[in-house]
Amino acid sequence: MNAPAGSPTTTQSAGQSAPVALLTGGGGAIARAIALRLDVLGYRLVLSDINPAAAEATAALLSQPAEVIRCDQTDPADCAKLVKHMRERYPQLDVLINNAGYIHPGDFLDTNDAEIHRHIEINLTSPLRLIQGLAPHM
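In the working numbering, each residue carries its 1-based index in the sequence shown increased by 3.
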């Protein structure tokens with residue numbers, strides 16, 4: 004499969020660093036597929052997940068080392084720490100993939116307020132926080 008227009012190639016020019024991508028929910032199945040594709044395209048990956056062991060399993064499949072960061076996306080302080088880390092360590096972020104997601108199994112009509120809040124934090128609020136914090140560095 005050819006790289007989309009504007010995408011890096013799998014080889015980088017001498018002195019040129021690889022583009023950086025942050026992938027949230029880095030331990031899930033969808034993230035694994037995304038990470039494998041970005042790896043082939045030559046990206047340097049940062050995988051965040053509430054379960055670092057799952058993200059490490061994804062990282063182990065890549066051809067290059069990936070950084071794994073634990074982040075609970077229901078916690079604004081954790082999101083702020085992730086933003087701070089990314090801004091300090093990777094001054095130029097090329098791609099942000101807000102892949103982390105959550106759905107409570109079962110009937111929505113039986114969902115309590117805590118579960119509704121968890122849905123909103125993971126699926127809406129934390130991606131907005133990350134975009135707001137990281138977009139100026141892209």
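Beta carbons are placed, not taken as given, at the ideal position from N, Cα and C, and that holds for glycine.
- Taking a C-beta distance under 8 Å as the contact criterion, residue 133 and residue 99 qualify as a contact pair.
- Here the alpha carbon of residue 61 sits roughly 14 Å from the alpha carbon of residue 46.
- A direct Cα-to-Cα measurement between residue 74 and residue 59 gives close to 13 Å.
- Per DSSP, residue 124 is not a residue of any beta strand (DSSP E), being assigned neither H nor E.
- According to DSSP, residue 52 shares a beta bridge with 73.
- Between the beta-carbon of residue 67 and that of residue 97 there is about 15 Å, and that puts the pair past the 8 Å contact cut.
- Residue 24 has its alpha-carbon roughly 12 Å from the corresponding atom of residue 40.
- As computed with DSSP, residue 100 is found in a beta bridge with 26.
- According to DSSP, residue 47 shares a beta bridge with 23.
- The beta carbons of residue 27 and residue 51 sit about 5 Å from each other, so the pair counts as a contact at 8 Å.
- Check the Cα spacing between residue 69 and each of 121, 120, 139 and 34: the tightest is with 34.
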